[in-house]
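Trainee:
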Amino acid sequence: MQDFEKKVQAILELEDNTAPEKASAVQLYHAVSKAALSQVFPRWKEKKEQKRACYLSAEFLLGRLVYSNLLNLGLLDRCNTFLTDHGIDPAVFEQIEDDALGNGGLGRLAACFLDSAAALRIPLDGFGIRYRYGLFRQRFEDGFQKEEADDWLRFGDPWSIRKDAEAVRVCFGDQTVKAVPYDMPVIGYGDGTVNTLRLWQAEAVEAFDFDLFNRQKYDEAVRQKNRAEDICAVLYPNDDTDEGKRLRLKQQYFFTSATMQTLAARYVGEYGEDFSHFAERYAVQLNDTHPTVAIPELLRLLMEEHLLSFDEAFSVVQKTFSYTNHTIMAEALEKWNVSLFCSVIPQVYPYVVLLNNALMRELSAKGLSPWEREKYRIIDGQTIHMARMAIFAGHTVNGVARIHTEILKNSALKEWYRLYPDRFQNKTNGITQRRWLALCNPELSALVTELCGDGWQTDLTRLKRLEPYADDADILKRFAAIKQEKKRQLCEEIEKKEGVRLQPDFLFDVQI
C-alpha cells in the first residue's frame with residue numbers, strides 16, 4: 080500500500096475510529112481530501128518572486144473539488160482502485176454537495192481561469208466570498224420550483240485553511256466587521272503550480288456581548304454576530320428593496336476592501352512604501368462590475384494610509400486594474416444610488432468624486448464640450464456608474480466572445496471605444512477539458528487518450544489527431560457504445576432522483 084492510501088486509512092482511524100469499508104461518504108470525503116491535501120503543501124508553499132494576477136469575482140462555480148483535485152494530482156485512478164478494493168463505489172462522492180460559491184457562466188469562467196492558470200504555471204490567485212448558503216437548492220413540487228437554502232458546509236470544508244493571523248477589518252457606515260480568509264489550493268494538472276483561491280468570511284469583531292446577555296437581552300447579545308454573518312449568507316441576495324441593495328453593496332465592498340488591504344500590506348512587507356512598482360507586482364482583473372468598488376478603495380488606501388498624492392495613487396490604480404464585461408445591455412450595467420452608497424461606505428465616496436473629476440478634466444483636455452462630457456460621467460446626478468469607473472480607472476476592458484466584444488465596441492460602449500480604442504480587447508471564454516471531458520466522461524476520455532495520447536489534457540489542439548478516425552468503423556462503433564453507456568447512466572440517475580423511468584434508446588435533447 081502506497082503513501083496516499085496509508086494516509087487515508089490513518090485519517091479514518093485517527094479522526095473517526097473507523098475503517099474504509101465502514102466509513103460514511105462524508106468520512107471518506109474528509110479522509111481522501113486531507114490525504115490529497117497533505118501532498119499539496121510543499122508545492123503550495125513555494126512562492127516565486129514574480130508578478131501575480133489577482134482575479135476578483137463575486138462567484139466561483141468550482142464543481143466537486145475532490146474529483147478535480149485528485150485528477151490534477153494524478154491520484155484519481157489510485158483513489159478509485161482503493162475504494163473499489165474496499166467494496167466502495169467510486170461514485171460515493173457524488174453524495175457530497177458542490178461548494179455553493181457560484182451560480183452560472185460568470186462563476187464557471189472564474190473557476191476555469193483558475194484551473195487553467197495553475198496548469199499553465201501562471202501565478203494567478205482568486206479572491207471572493209465564502210458564502211454560507213450560496214444561491215439556493217432547487218427542487219420541483221407539483222410542477223413548480225421550490226427554493227431551499229443550500230447548506231453546503233454541513234459536509235465540512237476539508238480543502239480550506241482558515242488564516243486567522245491574516246484577518247482584516249472592514250468598515251461600513253453602520254458597522255465594522257472582521258474579514259477572515261479561508262485559503263483553498265488551486266492545483267495545476269500534472270506538475271503545474273499550486274495557486275490560491277482566497278475566500279473571505281465576515282465575522283463580528285465582538286461576537287458576543289456578555290453584559291447584554293447578563294441583562295437578559297439575549298437577541299441583542301448576538302446582534303453584531305448575526306449582522307456580520309448576513310454579509311456572507313447568500314450569493315446575490317434579493318435587491319428589490321433598499322435593504323437588499325445595501326446588503327449587496329456591503330458584500331462587494333467587504334471582499335474587495337479585504338483583498339486590497341491584503342495586497343497593499345503584502346507589497347509594503349516586501350518592498351516598503353514606494354508604490355511606484357505596485358503594478359509590476361500585482362495585476363487585478365475585475366470579473367464584471369461586482370468588484371469595481373476595489374478601484375476607489377485602493378485609491379483610498381494609497382492616499383489615506385500610505386500618503387500618496389492623487390496623481391501618484393491614480394497612476395498605480397490605472398496600471399493595476401483590468402475589467403471583464405459580461406453584458407451588452409446598457410440597463411444591466413451596475414449602478415448605485417449616491418445616497419445609498421454614502422450611507423453604506425461613506426469613506427469611499429470622496430474617492431469616487433475624485434475619479435469623476437479626473438475623468439472630466441481628461442475629457443476637457445481632449446477637447447470634448449461640456450455637453451459631450453455629460454454621457455461619460457461616473458457620477459451622473461444621483462447615480463454612480465460602475466462600468467464607467469472600471470473603463471476609465473483601468474487599462475484594459477474585454478468582452479468574453481468575439482461577437483460580444485464587437486457589440487461593445489459598436490453599440491453598448493461605443494462612446495468609450497471611440498475615446499479609448501486601445502483599451503478594448505477580446506478574450507473568448509474557453510473551458511477546462513479536465514473538468515468537462517476527463518471528469519465528466521471518463522469512458523470517452525480513455526478512448527481519446529488511446530487514440531491521441533494524454534497530452535490533450537493540457538493541449539486541446541491535440542484532439543485534431545482524432546480526425547483520421549472520423550470514418551473508422553471500429554472506432555465509431557466504440558464511440559457509439561460509449562454514448563449508449565452514458566445514456567444508460569443518465570436514465571439511472573433520473574430514475575434515482577426523480578422516480579421516472581426512461582429508456583436509453585430514447586433521443587435526449589438536453590438544454591443546460
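Position in the sequence shown (first residue = 1) + 79 = my numbering. Even for Gly, the Cβ is constructed at its ideal location relative to N, Cα and C. Source: prediction; values computed, not measured.
Going by beta carbon distance, what residues of the same chain come within less than 6 Å of glutamate 54, once the five residues before and after it are set aside?
Mentor: There is no way to answer for residue 54, as the model of the chain reaches only from 80 to 591.
Trainee: State buried or exposed for asparagine 151, treating a residue as buried only when at least 16 other CB atoms are found within 10 Å of its CB.
Mentor: buried
Trainee: Does the distance from the C-beta atom of isoleucine 424 to that of valine 396 stay below 8 Å?
Mentor: no
Trainee: Could you name each continuous alpha helix (DSSP H) segment of 4 residues or more that falls completely within the segment 460-494, going from the start of the chain to the end?
Mentor: 465-472, 481-486
Trainee: Using the three-state DSSP reduction, which class does valine 22 fall into: helix, strand or coil?
Mentor: Outside the shown range of the chain (80 to 591) lies residue 22, about which nothing can therefore be said.
Trainee: According to DSSP, what are the bridge partners of cysteine 250?
Mentor: According to DSSP, which records beta bridges pairwise, cysteine 250 is partnered with Thr255.
Trainee: What does the alpha-carbon distance come out to for the pair alanine 98 and glycine 235?
Mentor: 20 Å
Trainee: Straight-line CA distance for glutamine 340 to glutamate 245?
Mentor: 10 Å
Trainee: How long is the line joining the alpha carbons of glutamine 565 and cysteine 519, rounded to whole angstroms?
Mentor: Looking at the sequence provided, one finds lysine at residue 565 rather than glutamine. Those two C-alpha atoms are separated by around 10 Å.
Trainee: Could you pull the DSSP bridge partners for glutamate 278 from this structure?
Mentor: Looking at the sequence provided, one finds leucine at residue 278 rather than glutamate. Answer is Gly207, Tyr261.
Trainee: Given a cut-off of 8 Å, decide if valine 273 and alanine 197 are closer than it, judged by their beta-carbon atoms.
Mentor: yes
Trainee: Enumerate, from N- to C-terminal direction, the unbroken alpha helix (DSSP H) stretches of 4 or more residues contained entirely within the segment 382-413.
Mentor: 389-399
Trainee: Express the C-alpha separation of threonine 335 and glutamate 376 in angstroms, rounding to a whole number.
Mentor: 8 Å
Trainee: Do the segment 542-550 and the segment 522-531 meet, that is, are 3 or more Cβ pairs less than 8 Å apart?
Mentor: yes
Trainee: Could you check the C-alpha separation between arginine 325 and glutamate 285 for me, to the nearest Å?
Mentor: 22 Å
Trainee: Grab me the residues of leucine 311's own chain with a C-beta within less than 7 Å of its C-beta, minus the 5 sequence neighbours each way, in chain order.
Mentor: Sequence check: residue 311 is cysteine here, not leucine. Taken in chain order, the residues that qualify are Ile208, Arg209, Tyr210, Arg211, Gln280, Ala281.
Trainee: Taking the continuous beta strand (DSSP E) assigned at glutamate 220, which residues delimit it?
Mentor: For glutamate 220, the enclosing beta strand (DSSP E) begins and ends at 216-220.
Trainee: How would you write the range of the beta strand (DSSP E) that phenylalanine 585 sits in, first residue to last?
Mentor: Phenylalanine 585 -> no beta strand (DSSP E), and no H or E assigned at all.
Trainee: Using beta-carbon positions only, say whether tryptophan 64 and glutamate 173 come within less than 8 Å of one another.
Mentor: This structure leaves residue 64 out entirely; the chain is present only between 80 and 591.
Trainee: For valine 273, list the residues DSSP reports as bridge partners.
Mentor: Ile266
Trainee: Could you check how far apart the C-beta atoms of alanine 343 and leucine 380 are, in whole angstroms? I think they sit under 8 Å.
Mentor: 5 Å
Trainee: Taking all protein chains shown into account, do 16 or more other C-beta atoms lie within 10 angstroms of the C-beta of asparagine 148, making it buried, or fewer, making it exposed?
Mentor: With a 10 Å radius around the Cβ and a threshold of 16 neighbouring Cβ atoms, asparagine 148 comes out buried.
Trainee: From the DSSP output, read off the bridge partner residues of tryptophan 415.
Mentor: Ile463
Trainee: Helix, strand or coil, according to DSSP, for phenylalanine 223 in the structure here?
Mentor: strand
Trainee: Quick check on this structure: which residue in Asn182, Ala132, Cys158, Val579 has the alpha carbon closest to the alpha carbon of glycine 205?
Mentor: Ala132
Trainee: State the Cα-Cα distance for the pair leucine 314 and histidine 165, rounded to the nearest angstrom.
Mentor: 39 Å
Trainee: State the Cα-Cα distance for the pair serine 448 and alanine 469, rounded to the nearest angstrom.
Mentor: Each residue's Cα considered, the two are about 23 Å apart.
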